[in-house]
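Participant:
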Amino acid sequence: MERSITPEVGKSAISRIIYRRLCRRWTAYQELTPAHTLHWFPFRRTNAILFFIRGPMETEVTKKLFTVDEYHRMAEAGIFHPEARLELIEGEIIEMSPPGIRHIACVNRANAVFTSRLAGKAMVSVQNPLILSRYTEPQPDIVLAKPRADFYAEKWLSSEDTFLAIEVSDSTISYDRNRKMSLYARARVRELWIENLREGVILVFRDPRGNGYKTCLTFQRGQSFSPSAFPEVTFTVEELLG
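Quick look at the structure:
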């Protein structure tokens, strides 16, 4: 049976690039959906790039959820544009919006502060993949990870290696506060900070329980706090938000 990749709705610039690469590289990845047709739906509201598999019968349509391993193989095959900002969230490939200047500045601040204060205690990973489950691999803005001599050259960074994950949030506060927070909790990431740039506060989540965290604290300007893994090291809201 002939295999094809068919776009169903309008695509953004990045989505068009990804689509063209999918078309060119699909023959190298046919084992993904043998004897089926792959249909691609980029959803504008969520920026989710979803794949649906259509079998021989037109009524046989199911959503294709990718595993982390499949997602990695697609990246290795060069399917995605090198500059595309993507995350794998519960099997869906999500196209992230470009960061604003305040977002970038806050990530740079956190990187500088944590690298200085936690040298030798934690490795600072900036906007790199973090495996949370078989189907989920976000790219937190900052991760404080357990130090390794190989700097994670031999294994992917995962939730079990994580002291703290940080999401810098401006236009995505609702998404980060709800869906993403639940993903981190289910993966038992011990602590999550969400830097809310719109309100100038930092939300601190600790003690993962099921789909959420038992402890939720809000810190405002003029206040200081510490990561639970490093109670001896204190940070102020101003240091992180500017």
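Numbering (this note's numbering), first residue to last: 5 to 246. Where a beta carbon is used, it is the ideal one built from N, C-alpha and C, also for glycine. Please read all numbers here as calculations on a predicted model, not as lab measurements.
1) Which partner residues does Val190 have in the DSSP bridge list?
2) Check whether the Cβ atoms of Ser162 and Ile135 lie closer than 9 Å to each other.
3) Would you tell me roughly how many angstroms separate the C-alpha atoms of Arg3 and Tyr139, rounded to the nearest one?
4) Look at Ser137 and Arg77 and say whether their C-beta atoms are less than 9 Å apart.
5) In chain order, which alpha helix (DSSP H) runs of at least 4 residues are fully inside the region 185–235?
6) Whose C-alpha, out of Lys184, Arg183, Leu187 and Pro212, is nearest the C-alpha of Glu195?
7) Taking only three categories from DSSP, how would you classify Ser163?
8) Does the beta-carbon of Glu80 have 16 or more other beta-carbons within 10 angstroms, so that it is buried, or is it exposed?
9) Measure the C-alpha to C-alpha separation of Asp180 and Pro102 and round it to an integer number of angstroms.
10) When you compare only the Cα positions, how much space is there between Glu243 and Glu236?
Facilitator: Reading off the structure:
1) Correcting the residue type first, residue 190 is Arg in the shown sequence and not Val. In the DSSP output, where bridge partners are listed per residue, Arg190 has none listed.
2) Yes, Cβ-Cβ distance for Ser162 and Ile135 is below 9 Å.
3) Residue numbering for the chain in the displayed model covers 5 to 246; residue 3 lies beyond these limits and cannot be assessed.
4) no
5) 185–190
6) Pro212
7) helix
8) Flag for Glu80 reads exposed.
9) 16 Å
10) Pairing Glu243 with Glu236, the inter-Cα distance amounts to about 17 Å.
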